[in-house]
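Worksheet: the structure to be examined is printed underneath.
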Amino acid sequence: MDGFTLRHLALAVALSTSMGTAFAATSNDFVDNAAAGGISEIETSRLALQKSSSADVKDFANMMITDHSKANDELAAIAQKNDIKVPDSTTLVKQAKEKILDMRDDSFDAAYANNQVKAHEDTIALFKKEADTVTDDQVKGATELKGFAQKMLPALQKHLDMAKKLQAAHPSK
Numbered sequence: 003m004d005g006f007t008l009r010h011l012a013l014a015v016a017l018s019t020s021m022g023t024a025f026a027a028t029s030n031d032f033v034d035n036a037a038a039g040g041i042s043e044i045e046t047s048r049l050a051l052q053k054s055s056s057a058d059v060k061d062f063a064n065m066m067i068t069d070h071s072k073a074n075d076e077l078a079a080i081a082q083k084n085d086i087k088v089p090d091s092t093t094l095v096k097q098a099k100e101k102i103l104d105m106r107d108d109s110f111d112a113a114y115a116n117n118q119v120k121a122h123e124d125t126i127a128l129f130k131k132e133a134d135t136v137t138d139d140q141v142k143g144a145t146e147l148k149g150f151a152q153k154m155l156p157a158l159q160k161h162l163d164m165a166k167k168l169q170a171a172h173p174s175k
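3 is the number of the first residue of the sequence shown in my numbering; add one for each residue after it.
Written as structure tokens, this is what we have:
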């Protein structure tokens, strides 16, 4: 792992060790899953930069790293402001490793594209669920998390559309 990823993991550790108990189950589940998904996107995209020789794959991977890093930072800020516990680094790394591709180099681009389509479909479902949740004003951060999810959905849909184009350009063998 490089310093960039370690910075995100260190942020998650700092947030999780300095905060008390989690609040609403749905908000906490959303934060847990969104944070883990963001780290997974960054990690798989870093792997793509190392393993792929395709310009379109590398361009997409760079965009994923930039966009998901910004989203993770924003999510962490909302969580910290509202005393919402974020997953510890062990959980984030475990979940990210589960999603990291273990493919031969000759099929990496297709595997990465397939992974990105699936990951973004799952992420969109998660964010739609949070965006459509009836907020409870008694739960700290519920309104902000809902707003964050609503704000991120168009970008996530754009990512999915681009991932599908990448998938078509790099079909599985």
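All residues carry an ideal CB built from backbone N, CA and C; glycine is no exception.
On the DSSP letters alone, give me the boundaries of the alpha helix (DSSP H) that His70 sits inside. Segment Ala57 to Lys83, the alpha helix (DSSP H) holding His70.
Excluding sequence positions up to five away, which residues of its chain have a Cβ less than 7 Å from the Cβ of Ala157? The beta carbon of Ala157 sits closer than 7 Å to the beta carbons of Asp69 from its chain, once the five residues preceding and following it are set aside; these are given in chain order.
Opening and closing residue of the alpha helix (DSSP H) in which Pro156 lies: Unbroken alpha helix (DSSP H) run through Pro156: Ala144 to Ala171.
Enclosing alpha helix (DSSP H) for Val33 [first to last residue]: That run of the alpha helix (DSSP H) goes Ala27 to Lys53.
For Lys175, which of helix, strand or coil comes out of DSSP? Coil, per DSSP.
Mapping DSSP to helix, strand and coil, what is Val119? Three-state DSSP puts Val119 in a helix.
Given this structure, state the Cα-to-Cα distance separating Asn117 from Gly143, to the nearest angstrom. Rounded to the nearest angstrom, the two C-alpha atoms are 31 Å apart.
Among the residues of its own chain, which have a CB less than 7 Å from the CB of Ile80, if the five just before and after it don't count? Once the five neighbours on either side are set aside, the close Cβ partners of Ile80 are Gly143, Glu146, Leu147 and Phe150.
Lys166 versus Lys153 - alpha carbon distance: Distance between the alpha carbons of Lys166 and Lys153: 22 Å.
Determine the DSSP secondary structure at Thr135, reduced to helix, strand or coil. Coil.
So what does DSSP say about Ile86, is it helix, strand or coil? In the structure shown, Ile86 sits in coil (DSSP, three-state: anything other than H, G, I, E or B).
Candidates Gln82, Phe32 and Met164: which alpha carbon is nearest Tyr114's? Restricting attention to Gln82, Phe32 and Met164, the CA atom closest to the CA of Tyr114 is found in Met164.
Label Lys160 either buried or exposed according to how many other C-beta atoms from any shown protein chain fall within 10 Å of its C-beta, with 16 as the threshold for buried. Exposed is the label assigned to Lys160, since fewer than 16 other Cβ atoms lie within 10 Å of its Cβ.
Could you say which of Ala57, Ala127 and Val141 lies nearest to Ala171 if we only look at CA atoms? Comparing alpha-carbon positions, the option among Ala57, Ala127 and Val141 lying closest to Ala171 turns out to be Ala57.
Within a Cβ cutoff of 8 Å, which residues of the same chain sit near Glu123, ignoring the five residues on either side of it in sequence? Excluding sequence neighbours, Glu123 sits near Leu162.
Beta-carbon separation (whole angstroms), Ala36 vs Leu94, contact threshold 8 Å: At roughly 11 Å, the Cβ-Cβ gap does not stay under 8 Å, so Ala36 and Leu94 are not in contact.
Which same chain residues end up closer than 7 Å to Ala133 when comparing Cβ atoms and leaving out the 5 residues on each side of it in sequence? The beta carbon of Ala133 sits closer than 7 Å to the beta carbons of Lys148, Ala151, Gln152 and Leu155 from its chain, once the five residues preceding and following it are set aside; these are given in chain order.
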